[in-house]
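According to my numbering, numbering within the sequence shown proceeds without interruption in unit steps and concludes at 615. For each residue, glycine too, the CB sits at the ideal point set by N, CA and C. Since this is a predicted model, take the numbers as computed values, not measurements. See structure below.
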Amino acid sequence: MSHSSDPKRDELQDRLMDQALAEVLGGQPPPDLSEQILAAAEKQFPVSPQQKEHVVKKSKHRFRNWAMGATAVCLLVGVTIGFLLPAGGVLWDSAGRPFAPIFNEAPYWRYSPDGQGPGQAGDRYGHLIENPFCAVKDHPLSTFSIDVDTASYANVRRFLLQEDMLPPPDAIRIEELINYFDYDYAGPEDNGPEDAVPVAAHIEVAACPWKAGHRLVRVALKGKEIPAEQRPPSNLVFLLDVSGSMDQPDKLPLLKRGMKLLAEQLRENDRVAIVVYADGEGLVLPSTPGAQRAKIIDALDRLEAGGSTNGGAGIELAYRIARENFIRGGVNRVLLCTDGDFNVGTTDTGALQRMVEKKARSGVFLSVLGFGRGNLNDAMMETISNKGNGNYAYIDGIAEARKVLVEQIGGTLVMIAKDVKIQIEFNPALAVAYRLIGYENRILAAEDFNDDRKDAGEIGAGHTVTALYEVVPPGVEIDLPTVDPLKYQAPARLSESPPAANELLTLKLRYKKPDADESKLLRFAVTDADASFGQAGGELQFATAVASFGMLLRNSQHRGTATYDAVLEIATASKGPDEHGYRSEFLKMVRRAKALAQR
17 MSHSSDPKRD ELQDRLMDQA LAEVLGGQPP PDLSEQILAA AEKQFPVSPQ QKEHVVKKSK
77 HRFRNWAMGA TAVCLLVGVT IGFLLPAGGV LWDSAGRPFA PIFNEAPYWR YSPDGQGPGQ
137 AGDRYGHLIE NPFCAVKDHP LSTFSIDVDT ASYANVRRFL LQEDMLPPPD AIRIEELINY
197 FDYDYAGPED NGPEDAVPVA AHIEVAACPW KAGHRLVRVA LKGKEIPAEQ RPPSNLVFLL
257 DVSGSMDQPD KLPLLKRGMK LLAEQLREND RVAIVVYADG EGLVLPSTPG AQRAKIIDAL
317 DRLEAGGSTN GGAGIELAYR IARENFIRGG VNRVLLCTDG DFNVGTTDTG ALQRMVEKKA
377 RSGVFLSVLG FGRGNLNDAM METISNKGNG NYAYIDGIAE ARKVLVEQIG GTLVMIAKDV
437 KIQIEFNPAL AVAYRLIGYE NRILAAEDFN DDRKDAGEIG AGHTVTALYE VVPPGVEIDL
497 PTVDPLKYQA PARLSESPPA ANELLTLKLR YKKPDADESK LLRFAVTDAD ASFGQAGGEL
557 QFATAVASFG MLLRNSQHRG TATYDAVLEI ATASKGPDEH GYRSEFLKMV RRAKALAQR
């Protein structure tokens with residue numbers, strides 16, 4: 017049965033549909049695609065004016081009907097998701113990890129346990145396996161490369177304070193959490209330019225607060241301070257990622273603001289060039305005296321994002337510009353600023369690592385500043401900064417840019433020691449087992465310690481570095497894996513009268529001066545005075561609180577009796593002067609993590 021057409025009724029129906037669609041489309045009228053459809057059709061067949069009018073009218077009705085149907089489906093899906101969401105508007109994955117709230121205002125990315133974001137390659141972190149306890153009788157030596165990177169801490173802070181969610185375990189490198197803070201360690205004595213040792217070492221032993229009967233050993237290093245007026249001239253190349261993935265408020269705009277802060281610190285005898293890369297690479301600003309700040313800032317202001325990411329080509333050009341303007345006896349450094357999303361050209365991390373390692377031999381070093389979320393290639397950026405004789409920081413806001421590029425510019429730019437390695441020999445009479453907390457991707461073979469060809473970490477001017485060992489003394493029960501007895505050789509035996517039997521360990525430190533190829537050796541013997549944790553210095557206590565926090569975030573099997581409340585108690589008591597408020601901010605992070613863990 018058919019109904020006769022009523023023009024007024026049809027007009028009213030059309031108007032109501034248009035109003036409904038305008039509401040769904042945010043106040044915008046629905047798009048009319050009929051002209052595009054006709055244009056495509058007319059390429060193949062002529063269309064008369066009468067036919068055209070009929071097609072236009074018919075396409076409009078069909079579009080409205082399709083759009084109304086699509087709108088209904090979207091509303092149904094939205095209501096369904098709303099009922100499925102648990103309290104608080106948070107989705108949880110199968111491992112019990114929270115996704116970001118999906119109905120509240122949130123950034124453009126979403127964390128996914130599979131490492132995928134909408135339209136993004138996904139954040140990529142290197143897989144970390146916590147260091148186990150090692151039996152001293154089988155493994156008396158512990159060898160590792162020092163690390164002063166801080167990227168993990170700033171990244172964890174963003175997860176907690178900006179995204180209101182717990183970070184994934186592989187994003188948490190405990191040594192970078194500990195080393196984010198400056199500690200009140202005494203620097204080296206200045207014995208003259210030839211004999212001066214650029215690094216001072218301090219060791220302290222106290223009870224472990226999260227495991228009764230265990231001991232904590234803190235190894236602390238302090239790099240030589242260099243006053244700003246004595247900072248050597250710098251030859252810098254800003255290598256800036258301007259690809260399409262950087263077109264987000266927390267990427268290129270933040271990058272430009274940070275580089276402007278650094279430009280304000282440059283002097284007449286400093287030079288800076290700007291290289292950019294997207295589909296290809298280009299020189300935006302040739303090497304320019306630091307006093308010409310307006311010219312440098314103008315070049316930064318002109319940058320816009322777009323295209324794919326040929327980071328390898330950008331690195332090649334940046335190093336070439338740095339070599340052409342090399343300052344003998346000065347700072348020669350490339351500062352790579354990126355989200356790490358290299359997707360054309362040289363993209364393999366291994367190939368990039370070999371490229372940067374080779375370039376570092378020229379005396380030009382590489383530091384990396386990471387930006388943004390959604391396709392942050394944290395694993396690659398940490399790797400190439402290590403091999404490039406530089407450091408790696410993550411910039412989660414302008415305050416962090418100011419910390420790295422203004423407050424700590426000496427440590428960021430000026431290296432005072434390279435290839436710094438630590439080796440500890442434990443006394444089996446006083447230690448049954450030990451565990452290095454963090455530094456999982458910095459472990460070296462015992463024979464690497466004396467091999468000057470092996471790359472290790474760098475210390476910048478004024479940097480502090482802290483490492484913690486958890487030690488199990490004799491008489492304390494611990495379950496350790498065992499191996500079968502050897503068939504062809506007898507196991508090593510403790511000598512009848514070992515020298516200095518009261519020594520818990522001996523610390524050996526190797527380093528090279530920035531322009532040297534041969535390392536120097538320092539050696540320190542350490543005894544345990546049986547101090548309680550309460551008798552330990554405030555800096556050891558605060559570092560211990562940060563380590564406990566990292567273990568809780570990682571849900572470490574070694575966290576023992578550690579709790580967020582215990583972390584707050586220790587950190588509050590040992591906070592100290594806190595000139596820049598970083599330790600107070602840490603307390604805020606702990607409280608947020610505690611609340612998130614209780615959801």
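Q. Under 7 Å from any heavy atom of the ligand ZN, does the C-beta of M181 make it?
A. Judged by which ligands are present, the structure shown has none, so any question about the ligand ZN falls away.
Q: Name the residue from E555, R344, E456 and D546 whose alpha carbon lies nearest to the alpha carbon of P489.
A: Working through the sequence shown from its first residue, we reach residue 489 at position 473. Of E555, R344, E456 and D546, the residue nearest in Cα terms is D546.
Q: Taking only the alpha-carbon atoms, compute the straight-line gap between D464 and Q308 and give it to the nearest angstrom.
A: On the sequence shown, residue 464 is found 448 positions in, with the first residue counted as 1. On the sequence shown, residue 308 is found 292 positions in, with the first residue counted as 1. Rounded to the nearest angstrom, the two C-alpha atoms are 45 Å apart.
Q: Mind checking who F381 pairs with in its DSSP beta bridge?
A: Looking up residue 381 in the sequence shown gives position 365. Its beta-bridge partners are R349.
(Q) On the CB-based measure, 16 or more other CB atoms within 10 Å of its CB, does L502 come out buried or exposed? (A) Numbered from 1 along the sequence shown, position 486 holds the residue referred to as residue 502. Exposed, by the Cβ-count rule.
Q: Could you please give the first and the last residue of the uninterrupted alpha helix (DSSP H) stretch that includes K604?
A: For the purposes of this step, residue 604 is taken as the residue at position 588 of the sequence shown. K604 -> alpha helix (DSSP H) spans Y598 to A613.
Q.
Between which two residues does the beta strand (DSSP E) holding E486 run?
A. Against the sequence shown, residue 486 aligns to sequence position 470. From DSSP, the beta strand (DSSP E) with E486 extends over T480 to V488.
Q: Could you work out which residue in H574, F381, F602 and G597 is closest to I586 when comparing CA atoms only?
A: Working through the sequence shown from its first residue, we reach residue 586 at position 570. Comparing Cα-Cα distances from I586 to each of H574, F381, F602 and G597, the minimum goes to F602.
**Q.** Cut-off 6 Å between Cβ atoms - residues of its own chain near I494, not counting five sequence neighbours on either side
**A.** Stepping through the sequence shown from its first residue, residue 494 is reached at position 478. A449 and V488, listed in sequence order.
(Q) Suppose you measure from the CA of I438 to the CA of E320; what does that come to, to the nearest Å? (A) Here residue 438 is taken as the residue at index 422 of the sequence shown, counted from 1. Here residue 320 is taken as the residue at index 304 of the sequence shown, counted from 1. Roughly 44 Å between the two C-alpha positions.
Q. Given F549, which residues of its chain have a CB within under 8 Å of its CB, disregarding the five upstream and five downstream residues?
A. Mapped onto the sequence shown, residue 549 falls at position 533. The answer, listed in chain order, is A222, A223, C224, P225, L232, Q557 and T560.
**Q.** Which listed residue (S572, N195, R283 and T480) has its alpha carbon closest to that of Q246
**A.** The residue labelled residue 246 in the question sits at position 230 within the sequence shown. Selected option, being the one with the closest Cα: R283.
**Q.** Assigned secondary structure, I313 (DSSP; H/G/I helix, E/B strand, else coil)
**A.** In the sequence shown, residue 313 corresponds to position 297, counting from 1. Helix at I313.
(Q) At 4 residues or longer, what runs of the alpha helix (DSSP H) sit wholly inside the region 374-438? (A) 394-403, 414-418 and 425-429
Q) Who are the Cβ neighbours of L584 in its own chain at under 6 Å, not counting the five residues just before and after it? A) Mapped onto the sequence shown, residue 584 falls at position 568. If we look at L584 and ignore the five residues flanking it on each side, its Cβ neighbours are V606.
Q: Report the option in I290, L299 and G473 whose CA atom is closest to the CA atom of I312.
A: Stepping through the sequence shown from its first residue, residue 312 is reached at position 296. Taking only the C-alpha atoms, the option nearest I312 is I290.
Q. Ordered along the chain, which non-local residues of its own chain (more than five positions away) have a Cβ less than 8 Å from that of R173?
A. Residue 173 sits at position 157 when you count from the first residue of the sequence shown. Excluding positions up to five away in sequence, the list reads D412, E601 and M605.
Q: Find out if the Cβ-Cβ distance for the pair S387, K524 is shorter than 8 Å.
A: On the sequence shown, residue 387 is found 371 positions in, with the first residue counted as 1. On the sequence shown, residue 524 is found 508 positions in, with the first residue counted as 1. The question names Ser, but residue 387 is Phe in the sequence shown. Contact: no.
Q. Across which residues does DSSP place L446 in a beta bridge pair?
A. By 1-based counting over the sequence shown, the position of residue 446 is 430. None, per the DSSP bridge assignment.
Q. Residues bridged to E519 by DSSP?
A. As a working mapping, residue 519 is identified with position 503 in the sequence shown. E519 pairs with T543.
(Q) Is the separation between the beta-carbon of T2 and that of A541 shorter than 8 Å? (A) Because the chain is modelled from 17 through 615, residue 2 falls outside the range shown and cannot be assessed.
Q) Do three or more CB pairs link the region 190-206 to the region 563-576 at distances below 8 Å? A) yes
Q: Identify whether K238 lies in helix, strand or coil by the three-state DSSP scheme.
A: Along the sequence shown, one-based indexing puts residue 238 at 222. K238: strand per DSSP, three-state reduction.
Q.
Buried or exposed, going by whether 16 or more other CB atoms sit within 10 Å of the CB of Q264?
A. Within the sequence shown, the letter at position 248 stands for residue 264. Buried, because 16 or more other Cβ atoms sit within 10 Å of the Cβ of Q264.
Q | CB of P248 within 8 Å of CB of V164, strictly | A | Position 232 of the sequence shown, counted from the first residue, corresponds to residue 248. Position 148 of the sequence shown, counted from the first residue, corresponds to residue 164. In this structure, V164 does not lie closer than 8 Å to P248 by Cβ.
Q: Would you kindly check if the distance between the Cβ of K434 and the Cβ of N405 is under 8 Å?
A: Here residue 405 is taken as the residue at index 389 of the sequence shown, counted from 1. Here residue 434 is taken as the residue at index 418 of the sequence shown, counted from 1. Yes, the pair counts as a contact, with Cβ atoms nearer than the cut-off.
Q. What are the uninterrupted segments assigned as alpha helix (DSSP H) that are 4 or more residues long and contained completely in the region 140-176, given in chain order?
A. 167-173
Q.
Using C-beta distances below 6 Å, list every residue in its chain close to K59, excluding the 5 sequence neighbours before and after it, in chain order.
A. Translated into the one-based positions of the sequence shown, residue 59 becomes position 43. The predicted position of K59 is uncertain, since its pLDDT is 48 and thus under 50; a value taken from the coordinates is nonetheless stated next. Here the set comprises nothing.
Q. For E493, which three-state DSSP category applies?
A. Within the sequence shown, numbered from 1, the residue matching residue 493 stands at position 477. If DSSP states are grouped into helix, strand and coil, E493 belongs with coil.
Q: Would you check if there are 3 or more beta carbon pairs closer than 8 Å linking the region 527-538 to the region 168-184?
A: no
Q) Looking at R287 and P305, is the spacing between their C-beta atoms short of 8 Å? A) Within the sequence shown, residue 305 is the residue found at index 289, counting from 1. Within the sequence shown, residue 287 is the residue found at index 271, counting from 1. Yes, Cβ-Cβ distance for P305 and R287 is below 8 Å.
Q | Residue environment, E486, which counts as buried when at least 16 other CB atoms sit within 10 Å | A | Along the sequence shown, one-based indexing puts residue 486 at 470. Answer is buried; the Cβ neighbour count reaches 16.
Q) Helix, strand or coil: which one does DSSP assign to P185? A) In the sequence shown, counting from the first residue as 1, residue 185 sits at position 169. Three-state result, P185: helix.
**Q.** Through-space distance from I337 to V253, alpha-carbon basis
**A.** Here residue 253 corresponds to residue number 237 of the sequence shown, with the count starting at 1. Here residue 337 corresponds to residue number 321 of the sequence shown, with the count starting at 1. The alpha-carbon atoms of V253 and I337 are separated by roughly 7 Å.
Q: Return yes when the Cβ of T588 is within less than 8 Å of the Cβ of A409, no when it is not.
A: In the sequence shown, residue 409 corresponds to position 393, counting from 1. In the sequence shown, residue 588 corresponds to position 572, counting from 1. Not closer than 8 Å, so no.
Q: List the DSSP bridge partners of I459.
A: If you number the sequence shown from 1, residue 459 lands on position 443. BP columns for I459 point to F160.
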